[in-house]
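In this text, residue positions in the sequence shown follow this note's numbering: the first is 44, and each later residue adds one.
Beneath this line is the structure, given in structure tokens, with notes to follow.
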Amino acid sequence: MSIHARPFNHQLDPVAARDNLERLPIGLCDEFAHIELVCLDVDGILTDGSIIYSESGRALVTFNARDGLGIALLQRAGVSVAFVSALDSPIVRKRAEELHIKSVCLGVNDKLRCVRDMQRHTRGKILFMGDDLWDLAAMRACDVAASSCDAAVEALAAADVISSYGGGRGAVRQIADMTLEAQDIDRGSLMARYDE
């Protein structure tokens, strides 16, 4: 399988969102400024990809609170967020419910089909954040493709932007912060409204 890198394929630094935006090519900054929907894979993006089994055999995963706040801030700013995952479990459904995610496409191997359906209902740009082979078609179909730094090599090559953080370790938050910064939305004012 040959690996084709996206035209931008930019590795982010663990610095302020504005600093990362200033380092991006102008065309990619413009894409971020018009993102209306952020689609997130779950395993490897919202989690670190690990699965822990309890003594009773229940699968357990962990989610990052900073990623959760990033999702909440995007929603407060009017950017929709969707979960698109091959995994369908009560844990993922619970996390979607906690974060008020209305668009949830779980238990699907054909993520592209889900993304195509969302594209029909979205006028603005769509960002897809994925980390593995399952995500490649959806990443390529969206306006901006993002990945965590610990993603599979094929996903890294398909990404326009690669977070400096790993999946389940702040990667989603970094992309959320950059999206808000590109749209000139002050996170502090969103937090003030968040407390209301």
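Backbone N, C-alpha and C fix where the C-beta goes; we use that ideal spot for every residue, glycine too.
Computed from a predicted model, the values in this text were never measured in an experiment.
C-alpha distance - residue i paired with residue j, whole-angstrom precision
i	j	result
Q162	I169	8 Å
I228	C192	25 Å
I95	V151	22 Å
C157	A235	34 Å
D178	R101	26 Å
H143	L117	12 Å
R159	G92	25 Å
R138	A214	17 Å
R230	A219	10 Å
E141	A115	10 Å
Buried/exposed call for residue i, threshold 16 Cβ in 10 Å
i	result
L176	exposed
A108	exposed
T222	buried
K145	exposed
L67	buried
R166	exposed
G70	exposed
V104	buried
Coil, strand or helix - residue i by DSSP
i	result
I46	Confidence at I46 is low in this model, with a pLDDT of 46, below 50, so the placement of that residue should be treated as unreliable; the coordinate-derived value is given next. The answer is coil: DSSP assigns I46 none of H, G, I, E or B.
V151	coil
A1	The first residue shown for the chain is 44 and the last is 239, placing residue 1 beyond what the model contains.
S132	coil
L117	helix
R230	helix
H164	coil
V122	coil
E224	helix
R183	helix
Anticipated Cβ contact below 8 Å, residue i with residue j, distance rounded
i	j	result
V135	L149	6 Å
L89	A125	Going by Cβ atoms, the distance from L89 to A125 rounds to 12 Å, so no, they are not a contact pair.
Q217	A120	Their Cβ separation, rounded to whole angstroms, is 16 Å, which puts Q217 and A120 out of contact at 8 Å.
A184	V204	That pair is no contact at about 16 Å.
Strand pairing of residue i, partner residues [DSSP]
i	result
Y96	A102
F75	Looking at the DSSP assignment, F75 forms no beta bridge with any residue, so it has no partner.
M172	L83, A189
V158	Partner(s): none; V158 has no beta bridge.
L127	Note on identity: in this sequence residue 127 is Val, with Leu being the wrong assignment. Paired residues: C148.
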